[in-house]
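J.: Dropping the structure in here first, questions after.
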Ligand SMILES: [Zn+2]
Ligand SMILES: [Zn+2]
């Protein structure tokens, strides 16, 4: 998952820049600047990592495991990565990625599609909410300390 590592790296670089600016602007010591960086860099990297992982997994073909560059037809096997059609027989013996016959002889029926976009949005809101929560806690902690 190279895209996940890239996103984490960018988040780390951005928060390093941010905490360096913060340290200079507040005329802070390098030590407390490093603490700021450790907190916010870690948080930003975590959120970016979760998000990028989520987005990358949306582009992975469930049929052949190929990580596509876009949510379209899979470059490896032609499977529709965006709609992700799935099929199963009425007895639910196995889930297939193409229509056909089940091993038990019943015809495979189309399953309801997985709400992929909603899942990604929920992950994004979760990451944002977590980030804000820790931000508030950090602000409260520094307010109590001073
Ligand atoms: Zn594929
Ligand atoms: Zn069956």
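Numbering (the numbering used here), first residue to last: -8 to 137. Glycine included, C-beta positions come from ideal geometry on N, C-alpha and C. None of these values were measured; they are calculated from a predicted model.
What is the DSSP secondary structure of residue 98, counted as helix, strand or coil?
T.: Here residue 98 sits in strand by DSSP.
J.: Let me check one thing: in DSSP terms, what residues is residue 78 bridge-paired to?
T.: 87 and 101.
J.: Closer than 6 Å by C-beta to residue 24: which residues in its own chain qualify, once you throw out the five before and the five after it? Chain order, please.
T.: Answer for residue 24: 10 and 14, listed in chain order.
J.: Can you tell me whether DSSP reads residue 112 as helix, strand or coil?
T.: helix
J.: Roughly how many angstroms lie between the CA atoms of residue 99 and residue -1, to the nearest whole one?
T.: 41 Å
J.: Just checking residue 89 against ligand 2 - is the residue's beta carbon closer than 6 Å to any of the ligand's heavy atoms?
T.: no
J.: Thinking C-alpha only, which one of 112, 48, 33 and 103 is nearest residue 80?
T.: 103
J.: Looking at the structure shown, is residue 61 part of a helix, part of a strand, or coil, going by DSSP?
T.: coil
J.: Could you check whether residue -6 and residue 35 sit closer than 7 Å to each other, using their CB atoms as the reference points?
T.: no
J.: Give me the Cα-Cα distance between residue 40 and residue 33, rounded to the nearest whole angstrom.
T.: Rounded to the nearest angstrom, the two C-alpha atoms are 10 Å apart.
J.: Compute the distance between the beta-carbons of residue 71 and residue 61, then report whether it is under 7 Å.
T.: no
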